[in-house]
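In what follows, a structure is listed as structure tokens, so that the remarks can point back to it.
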Amino acid sequence: MNRLRPGIIATLLSGLVAVFLLMPLIAVVPVSFTSRRYLSLPNGDWSWRHYAALFEDPEWGQSLLTSLQVGVLASLLAVALAAAFCIGIWMLRPRGAGLMTGFVLLPMVAPPVVSSLTLYFFLNQMARWNDIIAYDKLGGVVLAHMVMVIPYAVVVVMVSLSQLDRRMDLAAQSMGASVPTRVVGVILPNIRFGLIGAFFLCFLLSWDEIGVTLFVTSVETITLPRRMWMGLRDNVDPSIAALSVLLICVVTLLVVIRAAMLMRKERSR
Amino acid sequence: MRAFLFLICPVLLFLGASYLLPFLGIVQLSFTDPDPGLAQYSRVLTEDLPTGVIWRTLRLCVMVTAVSVSCAYVITLLWVRGSPLVRSITELCIMIPFWISVLSRAFGWLSMLSNRGLLNTWLQDMGLIDSAIQMTRNEFAVVVGMSHYLIPFAVFPLATAMRNVDERVLTAADGMGATRLRIFWQVFLPMTASGIMGATLLVFVFSIGFYVTPALLGGGQSVLVAELIYLWIFQIPQWGMAAAMSVVLMLGVGGILYVLMRRYGEMAK
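Top to bottom, those sequences are chains A and B.
Residue 1 is where the first sequence starts when you use the working numbering, and the numbers rise one by one after that.
Residue 1001 is where the second sequence starts when you use the working numbering, and the numbers rise one by one after that.
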């Protein structure tokens, strides 16, 4: 067995790849402590000013709030629509189910820039009729994010439903339960973890979404990634480094906690 | 029937109205704006600017795919076949970058490679170079940044393929006296070929519609297809050209996905 473990060459090469993967994440740390206003390394004078700027500048707080609102709304609505769709397909098994599922998954496989253009076009048209779900409005961003995350919600809920025992639903049906009772009383409680998982996945995707957001917002509705983009594009602002360091810390913490939990689970088995 | 209406229809209507119809609008624009007929397509496929961008995109995406898949192969080898400790370390190295936003990762590469970045500062401090080497705003930076983003995506299909390799085949080869190199080259590598194929197509499809990383690291110097579409919408408005380019991109990606599905469909049989 041990003879067939990866050898010294594979280990060395992987080490290089691991360094390559982690390098840019580590590189932002010194940059975030620079005392100057442009991308540079601190030359003996480490400073917290860019961290302070994140908390003092109300624009960052505003963007954080916008991102949270968009994320929660888009994920809730997306999961609701996706769950209804998946349950319908699961219960009724209608003809053309494959085709319908393929259609719903389309935004996931289409190149993001094509989806962005499509949604920009749509929200521009909508702006003629209303000013809630329109270009550069919160409702418009929520709609655009919903379109982009629905496929992921569908995949997660489908997986969760495929593990559900169909006989449970049949039992309820034979006892005379109506369709709403079967959905609310039997199916939903049994896929609740799938629904929660789908919500978190959608929220994360919406939280990080930049490709489509760039096309459908300009000055009024600015999500956190959009503000980061502005700071990166115009003149590289070290506040982005400070924010990146905070985000990297959160992600690292979550990934490590998850890994530790999985290891404990395996050991206790 | 009523269940069908209330469960399955909402998402179909939603995506039909906000995604499919506007996309058809884009297709229509590509045939009508500004000239009716195929004029936009012939311009996209013959004029110097768009064809230059298409060729650059294809060339860079082939490079990115080669780099990502080979890096992913080595690190997946350790993730799947290493000792438990090695496995958890490599898992962290793959998962932490995977969950970090594309913007933070692009910023990380800017901190690493820019003129006042980590690498140039180190090289200058060590006296290896006199003045900073230009490492951003060129194709090199784009390839590095995109590969870094896509490696984790290449890892997943490779890991599936490597986990499916029957351990006994390797033990048999070992028992027959094959050297480690030969076991890898003649047994392990061919047995994971389907994973390499899957990872290659996946990464290529993802890379071809990429916008954020090339725009940030290329600094407007090496425009790719997605950025050209953005420019045609927001900088020099030419909706018809952007629409035609989107349709071409969609068809290209659709063709690759079709090949992918057929291949996997055949293997599943």
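Cβ atoms here follow ideal geometry from the backbone N, Cα and C, with glycine treated the same way.
Fill in: Opening and closing residue of the alpha helix (DSSP H) in which residue 192 of chain A lies
Here residue 192 of chain A refers to the residue found at position 192 when the first sequence is read from its first residue. Counting along the chain, the alpha helix (DSSP H) containing residue 192 of chain A begins and ends at 192-208.
Worksheet item: Are three or more beta carbon pairs between the stretch 1187-1204 of chain B and the stretch 1084-1094 of chain B nearer than 8 Å?
Response: Segments in contact, no.
Worksheet item: How would you call residue 267 of chain A, buried or exposed, if buried means at least 16 neighbouring beta carbons within 10 angstroms?
Response: Residue 267 of chain A sits at position 267 when you count from the first residue of the first sequence. Flag for residue 267 of chain A reads exposed.
Worksheet item: If contact means a Cβ-Cβ distance below 9 Å, which residues of the stretch 1228-1243 of chain B contact chain A?
Response: 1229, 1230, 1233, 1234, 1239, 1242 and 1243
Worksheet item: Taking 8 Å as the CB-CB cut-off, is residue 1256 of chain B touching chain A?
Response: Locating residue 1256 of chain B in the second sequence gives position 256, where the first residue counts as 1. No, no contact with chain A.
Worksheet item: Can you tell me where the alpha helix (DSSP H) with residue 1178 of chain B in it begins and where it stops?
Response: Here residue 1178 of chain B refers to the residue found at position 178 when the second sequence is read from its first residue. No alpha helix (DSSP H) contains residue 1178 of chain B, which DSSP labels as neither H nor E.
Practice prompt. Could you check the C-alpha separation between residue 1182 of chain B and residue 115 of chain A for me, to the nearest Å?
Written response: Along the second sequence, read from residue 1 onward, the residue named residue 1182 of chain B stands at position 182. Along the first sequence, read from residue 1 onward, the residue named residue 115 of chain A stands at position 115. About 46 Å.
Worksheet entry | Near the ligand COA: residue 83 of chain A beta-carbon under 7 Å from a heavy atom | With respect to the ligand COA, the structure offers nothing, as it holds no ligand at all.
Worksheet item: Would residue 1212 of chain B count as contacting chain A if we go by Cβ distances under 8 Å?
Response: As a first step, residue 1212 of chain B must be located in the second sequence, where it is residue number 212. Taking Cβ atoms only, chain A reaches closer than 8 Å to residue 1212 of chain B, which makes this a yes.
Fill in: Simplified DSSP assignment, three categories, for residue 230 of chain A
Indexing the first sequence from 1 puts residue 230 of chain A at position 230. Three-state DSSP puts residue 230 of chain A in a helix.
Item to complete: Going by CA-CA distance only, name the one from A:214, A:253 and A:249 that's closest to residue 137 of chain A.
Response: Numbered from 1 along the first sequence, position 137 holds the residue referred to as residue 137 of chain A. Per the Cα distances, A:214.
Item to complete: Give a yes or no on whether the minimum CB-CB distance between residue 1082 of chain B and chain A is below 8 Å.
Response: Indexing the second sequence from 1 puts residue 1082 of chain B at position 82. Answer yes: the Cβ-Cβ gap between residue 1082 of chain B and chain A drops below 8 Å somewhere.
Practice prompt. Please list the residues of the stretch 1119-1130 of chain B that have a C-beta atom closer than 9 Å to any C-beta atom in chain A, keeping them in chain order.
Written response: 1119 and 1121
Worksheet item: Do residue 1116 of chain B and residue 243 of chain A have their C-beta atoms closer together than 8 Å?
Response: Indexing the second sequence from 1 puts residue 1116 of chain B at position 116. Indexing the first sequence from 1 puts residue 243 of chain A at position 243. Judged by their CB atoms, residue 1116 of chain B and residue 243 of chain A are not nearer to each other than the 8 Å cut-off.
Worksheet item: Just reading off the alpha helix (DSSP H) that residue 169 of chain A is part of, what are its end residues?
Response: On the first sequence, position 169 is the one that residue 169 of chain A refers to. Unbroken alpha helix (DSSP H) run through residue 169 of chain A: 166-174.
Worksheet item: Apart from the five residues on each side of it in sequence, which residues of its chain come closer than 7 Å, Cβ to Cβ, to residue 153 of chain A?
Response: As a first step, residue 153 of chain A must be located in the first sequence, where it is residue number 153. Excluding sequence neighbours, residue 153 of chain A sits near 78, 79, 82, 198 and 202.
Practice prompt. Buried or exposed for residue 1006 of chain B, please, with buried defined as at least 16 other CB atoms from any protein chain shown within 10 angstroms of its CB.
Written response: Within the second sequence, numbered from 1, the residue matching residue 1006 of chain B stands at position 6. With a threshold of 16 other beta carbon atoms within 10 Å, residue 1006 of chain B falls short and is exposed.
Worksheet item: Candidates B:1246, B:1040, B:1260 and B:1255: which alpha carbon is nearest residue 117 of chain A's?
Response: Within the first sequence, the letter at position 117 stands for residue 117 of chain A. The shortest Cα separation from residue 117 of chain A among B:1246, B:1040, B:1260 and B:1255 belongs to B:1246.
Worksheet item: What are the complete alpha helix (DSSP H) segments, minimum 4 residues, inside the stretch 130-163 of chain A?
Response: 138-162
Worksheet item: Should residue 1236 of chain B be labelled buried (16 or more other beta-carbon atoms within 10 Å of its own) or exposed?
Response: If you number the second sequence from 1, residue 1236 of chain B lands on position 236. Label assigned to residue 1236 of chain B: exposed.
Worksheet entry | Given residue 1240 of chain B as reference, the closest of B:1215, B:1150, B:1055 and B:1043 once Cα atoms are compared | Your numbering for residue 1240 of chain B matches position 240 in the second sequence. For residue 1240 of chain B, the nearest C-alpha among the options comes from B:1043.
Worksheet item: Is there contact between the stretch 174-192 of chain A and the stretch 7-21 of chain A, where contact requires at least three CB pairs shorter than 8 Å?
Response: No, because fewer than three Cβ pairs between the stretch 174-192 of chain A and the stretch 7-21 of chain A fall closer than 8 Å, the two stretches do not touch.
Item to complete: Would you kindly work out how many angstroms separate the C-alpha atoms of residue 171 of chain A and residue 155 of chain A, rounded to a whole number?
Response: Looking up residue 171 of chain A in the first sequence gives position 171. Looking up residue 155 of chain A in the first sequence gives position 155. Spanning the two alpha carbons is a distance of roughly 26 Å.
Practice prompt. Assign residue 1249 of chain B to buried or exposed, taking buried as 16 or more other Cβ atoms, counted over all protein chains shown, within 10 Å of its Cβ.
Written response: The count along the second sequence starts at 1 and reaches residue 1249 of chain B at position 249. So residue 1249 of chain B counts as buried.
Item to complete: Quick one: list the residues of chain B neighbouring residue 198 of chain A, beta-carbon separation under 8 Å, in chain order.
Response: Position 198 of the first sequence, counted from the start, is the residue given in the question as residue 198 of chain A. Ordered by position in chain B, no residue passes the 8 Å Cβ test against residue 198 of chain A, which lies about 13 Å from the chain.
Item to complete: Say whether chain A places a C-beta atom closer than 8 Å to the C-beta of residue 1010 of chain B.
Response: In the second sequence, the residue the question calls residue 1010 of chain B occupies position 10. Judged by the 8 Å Cβ criterion, residue 1010 of chain B is in contact with chain A.
Discussion item. Check whether the stretch 1141-1154 of chain B and the stretch 1207-1221 of chain B touch, using three or more Cβ-Cβ pairs below 8 Å as the test.
Written reply: Yes, they touch.
Discussion item. 8 Å is my cut-off, CB to CB: does residue 1050 of chain B come that close to chain A?
Written reply: The count along the second sequence starts at 1 and reaches residue 1050 of chain B at position 50. Taking Cβ atoms only, chain A never reaches closer than 8 Å to residue 1050 of chain B, which makes this a no.
Worksheet item: Just reading off the alpha helix (DSSP H) that residue 243 of chain A is part of, what are its end residues?
Response: The count along the first sequence starts at 1 and reaches residue 243 of chain A at position 243. 238-268 is the span of the alpha helix (DSSP H), which, as asked, contains residue 243 of chain A.
Practice prompt. Name the residue from B:1136, B:1037 and B:1198 whose alpha carbon lies nearest to the alpha carbon of residue 1259 of chain B.
Written response: On the second sequence, position 259 is the one that residue 1259 of chain B refers to. The option with the nearest alpha carbon to residue 1259 of chain B is B:1198.
Item to complete: Please check if any C-beta of chain A sits within less than 8 Å of the C-beta of residue 1060 of chain B.
Response: Counting from one through the second sequence, the residue named residue 1060 of chain B turns up at place 60. By this cut-off, residue 1060 of chain B is not an interface position.
Worksheet item: Between the C-alpha atoms of residue 1142 of chain B and residue 1056 of chain B, what's the straight-line distance to the nearest angstrom?
Response: Residue mapping note: residue 1142 of chain B aligns to position 142 of the second sequence, counting from 1. Residue mapping note: residue 1056 of chain B aligns to position 56 of the second sequence, counting from 1. In this structure, the alpha-carbon of residue 1142 of chain B lies about 11 Å from that of residue 1056 of chain B.
Worksheet item: Where does residue 1061 of chain B land, buried or exposed, given buried means 16+ other C-beta within 10 angstroms?
Response: Here residue 1061 of chain B is taken as the residue at index 61 of the second sequence, counted from 1. It counts as buried.
Worksheet item: Could you give the distance in angstroms between the alpha-carbon of residue 1075 of chain B and the alpha-carbon of residue 134 of chain A?
Response: In the second sequence, residue 1075 of chain B corresponds to position 75, counting from 1. In the first sequence, residue 134 of chain A corresponds to position 134, counting from 1. Approximately 45 Å between the Cα atoms of the pair.
Practice prompt. Residues of the stretch 122-151 of chain A with a CB closer than 8 Å to any CB of chain B: list them in chain order, please.
Written response: 122, 125, 143, 146, 147 and 150
Practice prompt. Using only alpha-carbon positions, find the residue among B:1102, B:1201, B:1077 and B:1063 that is nearest to residue 1140 of chain B.
Written response: The sequence position of residue 1140 of chain B within the second sequence is 140, counting from 1. Out of B:1102, B:1201, B:1077 and B:1063, B:1063 has the C-alpha closest to the C-alpha of residue 1140 of chain B.
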